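S.K.: I have a structure I would like to understand better, so I am pasting it below and will then ask my questions one at a time.
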Amino acid sequence: MTKLITLCLILAFSTTAYAQEKGSVLIQNATVITVTNGDLEETDVLIRDGVIREIGKDLNAPRGVETVDATGKFVMPGIIDAHSHLNGVDINEARNPVTAEVTMEESVDPNEVGIYHALAGGATTIHLMHGSANVIGGQGETLKLRYGVSQEEMKFENAKRTIKFALGENPTRVHGQGNGVQPRTRMGVEQVVRGHFDEALDYKRKREAYLEAKAQYDRRGRGTPPVPVAENLRYEVLNDIIEGEIFVHCHSYRADEILMLMRVFNDYGIENYTFQHANEAFKVANELAKNGAMTSVFSDWWAYKFEVYYSTAYNASILNANGVVNSINSDNDQLLRTLNHEAAKVVRYGDTSVNDAIKMITLHPAIQLGIDDRVGSIEEGKHGDVVVWDGHPLSIYSKAEMTFVDGTKYFDLANDPDDMRIQINPGTDFDDGSNFRKIVDNRDEDACIQDTFILLQDQAQTHAHN
Amino acid sequence: MQGVFAQTTPAHALKNVTIHHADGSTTESATIVWRNGVIEAIGINAAIPFDAFEIDGGDSLHVYPGFIDGFSTLGSPSLPKSQDLPKLDDPGNPPYYRSGVQPERKPSELLTEDKNFEAIMKVGFTTAALYPDGYMLPGQVEAFYLSSSHNNVGLIKGPLGLAGSFDTAPGGWSSGAYPSTLMGVMAKFRQVMFDATALQQHIKYYEQNPEMPAPDRDRVLEAMFPLVNNSTPLFFEVDSKEHIERILKIQDEFGFNVVIVSGKEAYAKADELKRRNIPVLAGIDFTDMPKWYAEMKKEEEKDEAEVEQEEEAAEEEEISEEEQNYREKQLEAWKAEVTNIKKLMDSGVSVGFSSAGLELKDLSAKIEILLDEGGLTETDLVTLMSANTANILGLNRTHGSLERGKNASFSVFDKAMTEEKAKVLHSISNGIIHEFNGN
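Written out as structure tokens, the structure is:
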């Protein structure tokens, strides 16, 4: 019986979830990598109620505010991953080439322990994306890694709306070759985009005309009533894209298709967009810069399918040197934990400046997600999303020691329990439950085609992992 | 399917029985008289009419109000196997039935033979709300008197609401269709609501102005009208806290009433459910008790002499700190499941019962857990399965308690139902006696 009582006591006092809160902390005497204002030596950062209030020397801690002695350490803005599928319930609604109406906002798993692993790598914000099975996929959701809160509380408040597009092999394999519907070719991909934008504009005209006629008829009560035009979720979202309310993030590899989409977007007046992966973007860096298009690339990963053979580790550096706002993303739960290394490779390969490389995992993804007014650099008035590193964050030897989101500490290396799962299945025995997550995955495919292998049966049988 | 089942005798009387009421009180040496499916008299002094067929309980039988299964696919035609569905030419635009949108289906038109009709009566159920097995919008929910033959299962009340879940469209490798994901189901649900709204508007306009183009009538969309008009609830089968949050979000968008079905983690949203006045037809299909915990409990029940003997025989089990930590989490998660109903009741949420996929053979074991570990008393249990469920289904005027004027739906057990090996001897549903003789 004593055993039982002890257990019950433990249960009564154990808390597995943090409450979402805006925290306060004074980090003292660090090298502060501001990103926008150089590196400041022996500097303090005061975060109050989730917001960076003051950056300076010898700041006093207000009453009740915890201090962290960061002498000899580095403070950097939290890493932002512009391309993640970390905690999606589902990733691909792959049964139609256009699924603008679905949203990852409704596919968030807040209990995924990988969120905690990402925090341990200094990440504080991710762009949870729909996959790349469809030409126009689902909407994305920008999340703060507030581990332990609800799906609603994970959302980055008032972040720009985003949506996934995809060009090339993925949509043509899934839909054209897998299901026998358009698009089967890259030409078809373009026509799917144009066709749907045109349909959406047509819908908008009809819907507005109907609503106007309906209002008139309902008011007057005479004349001939209009034939109702149902609200259409898909076309509404497509119109929001055309009207600039949604930033497009487009999965792409080849230079020709990147140029194609820029032409299409110019035709429809779409201005805010980022090419994801974009391994051949370096070939069209000038054109990208001229159009104000942005890119979010891997540092050095390619050759996992035919359209990704022509690649270079200089991609990010070339884009950066040509004035393209470029970020380095993970598209992978493991790489998300070491995005600082990915940024460091840009310095190593292309001799990009350290500050520009850091921008690629902080300020630049923030710009691409429309949240750069609040995160991405250490500035007074921005969110208290900061990470304390024991050495320079681009050093392979450095570790994130503490990760703060909104001034609240969500990761502390000094207090890092073995099992940080929020949710476990009570039917799982210890022997099975302890190996709870495969952190390191083989990267045979881009993660954004997950859930769609069943649709690629012909290919799957012949080239299982290419 | 429904008929007048007055058998040869106009009235029945069951005397010398212990009656367990939905409120937990009991009446011993009581009599219950019913005629034409309605209770005419009940209590110690109930007069037995001259024409009544009398059954003497011999003071050993226990009568309970008929339990009500609040949400079940009993008698539903079985679904075609996913792999048997033909490949669609355009899986992105499937016909409604292939996307799982079938709100027009009524169990009263579809019931088929199901051996569980009798099986469920043998464990004390006399009444059930049924819906057809399906996917995101599988059909309507209707209330039935149970009978051991599906031909005699009688409709009590037409649509109580529409059934729903986040189930994706059926189909296998090559035959799947949109929506194939949770987010797709949510989007599809909204689109169906929008399309139904437009059609309803069109029908209304057309009635006023026949000179305009006629609407394309559609029985699927038309079956959604009650939901569009917020005149019927959506019985939504959902377990996780996150899924409950998702259906509440949809509720906010459209405004209809929701009944949560199954609701394993409903306790985590108890305050919000209470605030929104959302009832829960809770399932009890709990995860099995962790093995180590079951063993620990067994140990504790043994007397000391036995323990000493065993200690000599076997060494004390040693476990690592990591495993101990895991066990604590595991037990916490399991306890949360089994105390769900109790927590909901304590928070003032209206809780009833639904089998929600539970296998009948597991029912008594799950009920035992509910009583031993779930914090429920026997009274709570009877109330949950009778009066509370009747209230949620809107059947409380006729069902859910044993009173004069209520429907004669009750079960006669050979001993108190919570005693070991208690059996239903007779099940009376809408006044019709089904005899099981303890088999």
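As they're listed, the protein sequences go chains A and B.
Once you know that position 31 of the first sequence is 31 in the working numbering, the rest is easy, because the numbers rise by one and skip nothing.
Once you know that position 272 of the second sequence is 1272 in the working numbering, the rest is easy, because the numbers rise by one and skip nothing.
All C-beta atoms in this analysis are idealised placements derived from N, C-alpha and C, irrespective of residue type, glycine included.
Keep in mind that this is a model prediction, so the values were computed, not measured.
(1) From the beta carbon of residue 177/A, is the nearest beta carbon of chain B less than 8 Å away?
(2) So residue 1180/B contacts chain A; which residues on that side make the cut at Cβ distance below 7 Å?
(3) Going by the beta-carbon positions, is the gap between residue 55/A and residue 380/A smaller than 8 Å?
(4) Would residue 193/A pass as a contact of residue 242/A if the rule is Cβ separation under 8 Å?
(5) Measure from the alpha carbon of residue 1246/B to the alpha carbon of each residue in 1183/B, 1204/B, 1213/B, 1221/B, then state which is nearest.
(6) Which class does residue 219/A belong to by DSSP, given the choice of helix, strand or coil?
(7) For residue 464/A and residue 174/A, what's the separation of their Cα atoms in angstroms?
(8) Between residue 200/A and chain B, is any beta-carbon pair separated by less than 8 Å?
(9) Report the residue ranges of all alpha helix (DSSP H) runs contained in full by the stretch 66-129 of chain A; include only those spanning at least 4 residues, in chain order.
(10) Between the Cα of residue 121/A and those of 426/A, 292/A, 402/A, 321/A, spot the shortest distance and give me the residue it belongs to.
(11) Keeping to the same chain, check which residues put their C-beta closer than 8 Å to that of residue 1271/B; ignore five residues upstream and five downstream.
(12) Using 8 Å as the threshold, is the stretch 31-40 of chain A in touch with the stretch 352-362 of chain A, meaning 3 or more CB pairs across them?
(13) Taking only the alpha-carbon atoms, compute the straight-line gap between residue 6/A and residue 1298/B and give it to the nearest angstrom.
(14) Which stretch, first to last residue, makes up the beta strand (DSSP E) that contains residue 1060/B?
(15) Verify the CB distance criterion: does residue 1232/B have a CB-CB separation below 8 Å to chain A?
(16) Spell out the partners DSSP gives residue 1154/B in its beta bridges.
(17) Given a cut-off of 8 Å on the beta-carbon distance, is the pair residue 1345/B and residue 1288/B in contact?
(18) Reducing DSSP to helix, strand and coil, say where residue 338/A ends up.
(19) Check each candidate in 112/A, 313/A, 97/A, 66/A and name the one with the smallest Cα separation from residue 85/A.
(20) Can you tell me where the beta strand (DSSP E) holding residue 28/A begins and where it ends?
(21) Could you say which of 1400/B, 1337/B, 1357/B, 1229/B lies nearest to residue 1370/B if we only look at CA atoms?
(22) Return the residue from the list 374/A, 163/A, 107/A, 389/A that minimises the CA-CA distance to residue 27/A.
(23) Rank 105/A, 100/A, 296/A by C-alpha distance to the C-alpha of residue 134/A and give the top, closest one.
(24) Go through its chain and collect everything with a Cβ distance to residue 1016/B's Cβ below 7 Å, but skip five positions before and after it.
(25) Under DSSP, the alpha helix (DSSP H) around residue 1192/B begins and ends at which residues?
(26) Identify every residue that forms a DSSP beta bridge with residue 412/A.
(27) State the start and end residues of the unbroken beta strand (DSSP E) segment that holds residue 139/A.
(28) With three or more C-beta pairs closer than 8 Å as the rule, is the stretch 1099-1119 of chain B touching the stretch 1032-1050 of chain B?
(29) Check the DSSP bridge columns for residue 1140/B and list the partner residues they point to.
(30) Assuming residue 326/A is part of the beta strand (DSSP E), what are its boundary residues?
(31) Am I right that residue 1051/B and residue 1011/B are in contact with their C-beta atoms under 8 Å? What's the rounded C-beta distance?
(32) At a cut of 8 Å, does the stretch 272-287 of chain A reach the stretch 255-262 of chain A through at least three beta carbon pairs?
(33) Residues of chain A with a CB under 8 Å from the CB of residue 1245/B: which are they?
(34) Over what stretch of residues does the alpha helix (DSSP H) that includes residue 1133/B continue unbroken?
(35) For residue 308/A, which of 399/A, 168/A, 332/A, 338/A has the nearest alpha-carbon?
(36) Name the one or two DSSP bridge partners that residue 323/A has.
M.R.: In terms of the structure at hand:
(1) Here residue 177/A is taken as the residue at index 177 of the first sequence, counted from 1. Chain B contact via Cβ: absent.
(2) Position 180 of the second sequence, counted from the start, is the residue given in the question as residue 1180/B. Within chain A, the residues near residue 1180/B are 93, 94, 95.
(3) By one-based count along the first sequence, residue 55/A stands at place 55. By one-based count along the first sequence, residue 380/A stands at place 380. Yes, these two residues count as a Cβ contact at 8 Å.
(4) In the first sequence, the residue the question calls residue 193/A occupies position 193. In the first sequence, the residue the question calls residue 242/A occupies position 242. In this structure, residue 242/A does not lie closer than 8 Å to residue 193/A by Cβ.
(5) For the purposes of this step, residue 1246/B is taken as the residue at position 246 of the second sequence. Comparing Cα-Cα distances from residue 1246/B to each of 1183/B, 1204/B, 1213/B, 1221/B, the minimum goes to 1183/B.
(6) One-based indexing of the first sequence puts residue 219/A at position 219. Helix.
(7) Position 464 of the first sequence holds residue 464/A. Position 174 of the first sequence holds residue 174/A. Residue confidence is low: residue 464/A scores 30 on pLDDT, short of 50, so the model does not pin down where it sits. Its coordinate-derived value is still stated next. Their Cα atoms are separated by approximately 15 Å.
(8) Taking the first residue of the first sequence as position 1, residue 200/A is located at position 200. Cβ-Cβ to chain B under 8 Å: no for residue 200/A.
(9) 114-120
(10) Position 121 of the first sequence, counting from 1, holds the residue named residue 121/A. Out of 426/A, 292/A, 402/A, 321/A, 402/A has the C-alpha closest to the C-alpha of residue 121/A.
(11) Taking the first residue of the second sequence as position 1, residue 1271/B is located at position 271. The answer, listed in chain order, is 1347.
(12) yes
(13) The residue given as residue 6/A occupies position 6 in the first sequence. The residue given as residue 1298/B occupies position 298 in the second sequence. Unreliable placement is indicated for residue 6/A, whose pLDDT of 42 sits below 50; no coordinate value is reported for it.
(14) Numbered from its first residue, the second sequence carries residue 1060/B at position 60. From DSSP, the beta strand (DSSP E) with residue 1060/B extends over 1052-1065.
(15) Here the question's residue 1232/B lines up with position 232 in the second sequence. Judged by the 8 Å Cβ criterion, residue 1232/B is not in contact with chain A.
(16) Counting from one through the second sequence, the residue named residue 1154/B turns up at place 154. According to DSSP, which records beta bridges pairwise, residue 1154/B is partnered with 1145/B.
(17) Counting from one through the second sequence, the residue named residue 1345/B turns up at place 345. Counting from one through the second sequence, the residue named residue 1288/B turns up at place 288. No, the Cβ-Cβ distance between residue 1345/B and residue 1288/B is not below 8 Å.
(18) In the first sequence, the residue the question calls residue 338/A occupies position 338. For residue 338/A, the secondary structure class from DSSP, reduced to helix, strand or coil, is helix.
(19) Numbered from its first residue, the first sequence carries residue 85/A at position 85. Nearest option by C-alpha distance: 112/A.
(20) Translated into positions along the first sequence, residue 28/A becomes position 28. It spans 25-33 - the beta strand (DSSP E) in which residue 28/A sits, taken as one unbroken run.
(21) If you number the second sequence from 1, residue 1370/B lands on position 370. Of 1400/B, 1337/B, 1357/B, 1229/B, the residue nearest in Cα terms is 1337/B.
(22) The sequence position of residue 27/A within the first sequence is 27, counting from 1. Nearest C-alpha to residue 27/A: 389/A.
(23) For the purposes of this step, residue 134/A is taken as the residue at position 134 of the first sequence. Taking only the C-alpha atoms, the option nearest residue 134/A is 100/A.
(24) Along the second sequence, read from residue 1 onward, the residue named residue 1016/B stands at position 16. For residue 1016/B, where only same-chain residues beyond five positions count, the Cβ hits under 7 Å are 1029, 1056, 1057, 1058, 1059.
(25) What you label residue 1192/B is simply residue 192 of the second sequence in a count that begins at 1. Residues 1182-1208.
(26) On the first sequence, position 412 is the one that residue 412/A refers to. 402/A.
(27) In the first sequence, counting from the first residue as 1, residue 139/A sits at position 139. Run containing residue 139/A: 136-144, per the beta strand (DSSP E) assignment.
(28) no
(29) The residue you call residue 1140/B lines up with position 140 of the second sequence. Paired residue(s): 1162/B.
(30) As a first step, residue 326/A must be located in the first sequence, where it is residue number 326. Residues 326-328.
(31) For the purposes of this step, residue 1051/B is taken as residue 51 along the second sequence, with counting starting at 1. For the purposes of this step, residue 1011/B is taken as residue 11 along the second sequence, with counting starting at 1. About 6 Å; that satisfies the 8 Å criterion.
(32) yes
(33) Taking the second sequence and counting its residues from 1, the one referred to as residue 1245/B is at position 245. Within 8 Å Cβ-Cβ: 150, 151, 152.
(34) Numbered from 1 along the second sequence, position 133 holds the residue referred to as residue 1133/B. That residue, residue 1133/B, is in no alpha helix (DSSP H); it is neither H nor E in DSSP.
(35) Here residue 308/A refers to the residue found at position 308 when the first sequence is read from its first residue. Comparing alpha carbon positions, the residue from 399/A, 168/A, 332/A, 338/A closest to residue 308/A is 168/A.
(36) Translated into positions along the first sequence, residue 323/A becomes position 323. For residue 323/A, which the question treats as bridged, DSSP gives no partner whatsoever.
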